[in-house]
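Protein chains: 2
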Amino acid sequence: MTIDSFPTLQNDLILRAARGEAVERAPVWMMRQAGRYLPEYRAAREGYTFFETCRMPNLVSELTIQPVRRFEIDAAIVFSDILVVPIAMGMDVKMVAGTGPVLPDPIVSPADLSRLRSPDVDEELGYVFDAIRVTRNDLEGCVPLIGFSGAPWTLMAYMVEGGGSKSFSRARSWLHLEPRASRQLLDKLTDVVIEYLLRQIQAGAQMIQLFDSWAGLLGPDMFRRFELPQLRRIASALKAAHPEVPLTVFARGAHYALEDLVESDYDVISLDWTIDPAQARVRTQERITLQGNMDPAVLFATENVIRSEVRRMIEGFGVQQYIANLGHGMMPEHDPDRAAVFVEAVHSISSQLAESQVTTQI
Amino acid sequence: MTIDSFPTLQNDLILRAARGEAVERAPVWMMRQAGRYLPEYRAAREGYTFFETCRMPNLVSELTIQPVRRFEIDAAIVFSDILVVPIAMGMDVKMVAGTGPVLPDPIVSPADLSRLRSPDVDEELGYVFDAIRVTRNDLEGCVPLIGFSGAPWTLMAYMVEGGGSKSFSRARSWLHLEPRASRQLLDKLTDVVIEYLLRQIQAGAQMIQLFDSWAGLLGPDMFRRFELPQLRRIASALKAAHPEVPLTVFARGAHYALEDLVESDYDVISLDWTIDPAQARVRTQERITLQGNMDPAVLFATENVIRSEVRRMIEGFGVQQYIANLGHGMMPEHDPDRAAVFVEAVHSISSQLAESQVTTQI
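Here is the structure:
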């Protein structure tokens, strides 16, 4: 199946922004926009475990499209989890309510790497590609569909730590204790991630985001030594095969990595809320599209506060080469109506600003 | 009691480094050096709860001095906890094993602020000052004694969140929802912290460190609006009363705050391991002493790795205007022998580097 056989895309705003083309307003979506804060999400998932849900293409499509129905957002992101990759490699992962992911049999010694298989991604992760195909059709060209994967270090962090953690100190120390095995593991993960993302694109993903949620725990030296080469390799491999598909990297907490990530084949750098928008522009010299970065905690505040924070954010980033988003994901406690305020504020404020810029230029 | 009545100080290396005076090697200590990783600590505390321990001056002195006996460190830090301040203001704080601090009755609405008393610090926190006096005597002038407090935002974070948290999203959103009440609370906390630290100095603390453990969750704009003025006010008040006592601020995760913190009355900025040492020097223009910042996870690695990381760190910071430390606290799982390697490596490597610099200058 080729991309052409899907319904025609009606809103390519986010793709244009990612490529650095001129836009009339900032595109907007929200990380974890398909999630527990939506009553329709909780209703649809009832009776299924998290990973069961991931394996049901029609349900994935429904969950992916729910926020698109509710909000005027410019992209959908396929409902899934980064830990499907370790599962595909043979690791046991349980999603425990209130605790998060648990990997009961983590990587402890280098010998444990032999337990990891090099998966046939079509066999082990075919359910994701099926879900992408179904969702792409169901979206009817309304907005582009984003595919994603966890980044190698972030996947390794869970695989070595055995689950979520505040500081992943076991995984961090493994890099120092077992640098060779760490590199082997990261190389292997990178190979799988590349294959996984290529297949997502072939299945219909129109944009890709790499989530390096724990990049900020590495510090600048370890990030440069262990993770940056892997991130760059992933982008180059995807670009070589699919130059038309925009690539986003979200190295959360890695404030030190901005300049290094510009020197790569990514089209978009996604930022957490600890990065000042205007400074990020200066540091990246307008050579790349930036995405982000409102603190999700602002969505607990009043409409006025949300609007003024959105204005501050867009004035800092500018309307061009920019994708509005949060600096981290939606939370289960969020009120969907406040998310609607966020989206609406991006529309109106960025339209205004884009217009005033055009006027100024004339 | 005046400072003069204590035993004469024999090692003022850390005080000289903090003041920017020339040193023959880098002073070194470790955050949370008095802790569960030491068998003698676990033995001494047996049978007492955490906050009971804090209220026993002789036991506090023993715990504070234990690491000084074991390692060739250049400072002791009084054993206590940042949450003694909310306790003094009338809040209930329980230390739950495996969970950390729990505040069962957190600040929920602005009206809750009226529950907080303005404590007579001598009455409510006299046990800390007693412990400082006892410890100062017991130390026999061996090394300086550091006093400390939590910073206003970090204390507020626990008081609003009701305990520890990965992201303190409730506390973060309170700043947006209740900016007036937040400022009132921060002002009140700042008043108490200033009084508390002044009394610690009068009791015998020879250096002060302010722990802003959750500063990194604020982001640059909220940090500047809410916390920076409080941090500056604390330093100015202490300096006005005791210009001879060096002041350190540790705004963990607040990579964006470096330049702002230089513009304050702090003598030392303590850094976490996400800040590159050489870059920190450039950003602070050698106007301030820097402290830090080895990743504590490195202490799980081999001696060779520890030594090479110490070398990288000291070469980045330079030997002058520098205090060697970790980028965060010691962990219960650490091996004391590896901490000894860290301390020894700082001694030998920084001595070498200091000597070669002198030689070069001649």
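Chains G and R are the protein sequences, given in the same order. Those letters in the first sequence? Residues 98 to 459, per my numbering, in order. Those letters in the second sequence? Residues 98 to 459, per my numbering, in order. No residue lacks a Cβ here, since even glycine has one placed at the ideal position from N, Cα and C.
Proximal chain R residues relative to residue i, where beta-carbon distance stays under 7 angstroms
{"i": "Tyr353(G)", "result": "Thr371, Asp373"}
{"i": "Gly260(G)", "result": "Here the premise fails: no neighbours, minimum Cβ distance about 13 angstroms."}
{"i": "Met428(G)", "result": "Ser266"}
{"i": "Lys263(G)", "result": "Lys263"}
Pair within 7 angstroms by beta-carbon distance, residue i and residue j
{"i": "Ile420(G)", "j": "Ala114(G)", "result": "yes"}
{"i": "Pro249(R)", "j": "Leu286(R)", "result": "yes"}
{"i": "Gly197(G)", "j": "Trp370(R)", "result": "no"}
{"i": "Phe347(G)", "j": "Phe308(G)", "result": "yes"}
{"i": "Tyr293(G)", "j": "Val218(G)", "result": "yes"}
{"i": "Ile243(R)", "j": "Ala172(R)", "result": "yes"}
{"i": "Leu200(G)", "j": "Met188(G)", "result": "yes"}
{"i": "His352(G)", "j": "His352(R)", "result": "yes"}
{"i": "Val165(G)", "j": "Val443(G)", "result": "no"}
{"i": "Gln391(R)", "j": "Met410(R)", "result": "The question names Gln, yet the displayed sequence has Met at residue 391(R). In this structure, Met410(R) lies closer than 7 angstroms to Met391(R) by Cβ."}
{"i": "Ala437(R)", "j": "Phe168(R)", "result": "yes"}
{"i": "Leu423(G)", "j": "Pro393(G)", "result": "yes"}
{"i": "Gln382(R)", "j": "Val365(R)", "result": "no"}
{"i": "Arg122(G)", "j": "Ala398(G)", "result": "no"}
{"i": "Val440(R)", "j": "Ile170(R)", "result": "yes"}
{"i": "Tyr255(R)", "j": "Arg152(R)", "result": "no"}
{"i": "Val157(R)", "j": "Phe176(R)", "result": "yes"}
{"i": "Arg142(R)", "j": "Thr150(R)", "result": "yes"}
{"i": "Gly313(R)", "j": "Arg349(R)", "result": "yes"}
{"i": "Ile331(G)", "j": "Pro241(G)", "result": "no"}
Residue i - partner residues in DSSP beta bridges
{"i": "Lys191(R)", "result": "Val199(R)"}
{"i": "Tyr419(R)", "result": "Leu387(R)"}
{"i": "Gln306(R)", "result": "Phe245(R), Thr345(R)"}
{"i": "Ile366(R)", "result": "Val346(R), Leu387(R)"}
{"i": "Asp173(R)", "result": "Inspection of the sequence shows that residue 173(R) is occupied by Ala rather than by Asp. DSSP output for Ala173(R) lists Leu242(R) as bridge partner(s)."}
{"i": "Ser395(G)", "result": "Residue 395(G) is actually Val in this sequence, not Ser. Val395(G) pairs with nothing; no bridge assigned."}
{"i": "Val125(G)", "result": "Ala421(G)"}
{"i": "Gly260(G)", "result": "Val199(G)"}
Contact list for residue i against chain G, beta-carbon separation under 8 angstroms
{"i": "Leu325(R)", "result": "None at all; the shortest Cβ gap to chain G is about 14 angstroms."}
For residue i, the nearest candidate out of the options (CA to CA)
{"i": "Ser215(G)", "options": "Ser246(G), Pro183(G), Ala354(G)", "result": "Pro183(G)"}
{"i": "Arg408(R)", "options": "His425(R), Ser448(R), Met192(R)", "result": "Ser448(R)"}
{"i": "Arg230(G)", "options": "Met188(G), Gln417(G), Pro104(G)", "result": "Pro104(G)"}
{"i": "Leu295(G)", "options": "Phe226(G), Met253(G), Glu360(G)", "result": "Phe226(G)"}
{"i": "Gly132(R)", "options": "Asp432(R), Val359(R), Glu118(R), Glu452(R)", "result": "Asp432(R)"}
{"i": "Phe320(R)", "options": "Ser279(R), Arg139(R), Arg122(R)", "result": "Ser279(R)"}
{"i": "Ile298(G)", "options": "Glu400(G), Phe147(G), Ala351(G), Leu344(G)", "result": "Leu344(G)"}
{"i": "Thr161(R)", "options": "Asp235(R), Leu213(R), Leu106(R)", "result": "Asp235(R)"}
{"i": "Val290(G)", "options": "Ser246(G), Met253(G), Asp202(G)", "result": "Ser246(G)"}
{"i": "Val257(G)", "options": "Phe414(G), Pro203(G), Arg233(G)", "result": "Pro203(G)"}
{"i": "Gln306(R)", "options": "Tyr363(R), Trp271(R), Ala228(R)", "result": "Tyr363(R)"}
{"i": "Leu106(R)", "options": "Arg152(R), Ala228(R), Asn155(R), Glu237(R)", "result": "Glu237(R)"}
{"i": "Leu272(G)", "options": "Ser206(G), Leu396(G), Glu400(G)", "result": "Ser206(G)"}
{"i": "Glu324(G)", "options": "Met192(G), Leu252(G), Val120(G)", "result": "Leu252(G)"}
{"i": "Val416(R)", "options": "Glu118(R), Asp109(R), Asn108(R), Arg129(R)", "result": "Glu118(R)"}
{"i": "Arg384(G)", "options": "Val395(G), Glu406(G), Ile403(G), Val359(G)", "result": "Val359(G)"}
{"i": "Arg322(R)", "options": "Ile111(R), Leu283(R), Val181(R), Ile331(R)", "result": "Leu283(R)"}
{"i": "Val181(G)", "options": "Lys263(G), Ser453(G), Gly260(G), Leu222(G)", "result": "Leu222(G)"}
{"i": "Leu213(G)", "options": "Gln281(G), Leu328(G), Thr232(G), Asn155(G)", "result": "Gln281(G)"}
{"i": "Glu159(G)", "options": "Glu275(G), Ser262(G), Thr232(G), Arg380(G)", "result": "Thr232(G)"}
{"i": "Met128(G)", "options": "Glu275(G), Ser367(G), Val342(G)", "result": "Ser367(G)"}
{"i": "Gly259(G)", "options": "Asp288(G), Asp209(G), Cys239(G)", "result": "Asp209(G)"}
Contact list for residue i against chain R, beta-carbon separation under 8 angstroms
{"i": "Arg269(G)", "result": "Asp392, Ala394"}
Chain-ordered neighbours of residue i on chain G, where CB pairs are closer than 9 angstroms
{"i": "Val402(R)", "result": "His273, Leu274, Pro276"}
{"i": "Phe397(R)", "result": "Ser266, Arg267, Arg269, Ser270, Trp271, His273, Leu274"}
Amino acids of chain G, ordered along the chain, whose beta-carbon sits closer than 7 angstroms to that of residue i
{"i": "Lys285(R)", "result": "Per Cβ cutoff of 7 angstroms: no residues; Lys285(R) is ~22 angstroms from chain G at best."}
{"i": "Gly313(R)", "result": "Thr371"}
{"i": "Gly316(R)", "result": "Trp370, Thr371, Asp392"}
Within chain R, the residues that residue i reaches when beta carbons sit closer than 9 angstroms
{"i": "Pro433(G)", "result": "Chain R residues near Pro433(G): none, gap ~16 angstroms exceeds 9 angstroms."}
{"i": "Gly415(G)", "result": "Within 9 angstroms Cβ-Cβ: nothing; Gly415(G) doesn't reach chain R, min ~17 angstroms."}
{"i": "Pro207(G)", "result": "Under the 9 angstroms cutoff, chain R gives no residues; its nearest Cβ is about 14 angstroms from Pro207(G)."}
Residue i Cβ short of 6 angstroms to the ligand COA heavy atom set
{"i": "Pro241(R)", "result": "What this structure holds is no ligand at all, so the ligand COA is not there to describe."}
*Which runs of the alpha helix (DSSP H) fall wholly inside the stretch 203-242 of chain G and span at least 4 residues, in chain order?*
218-221, 223-235
*Can you list, in chain order, the stretches of the alpha helix (DSSP H) that have 4 or more residues and sit fully within the stretch 135-187 of chain G?*
136-142, 147-151, 154-167, 181-185
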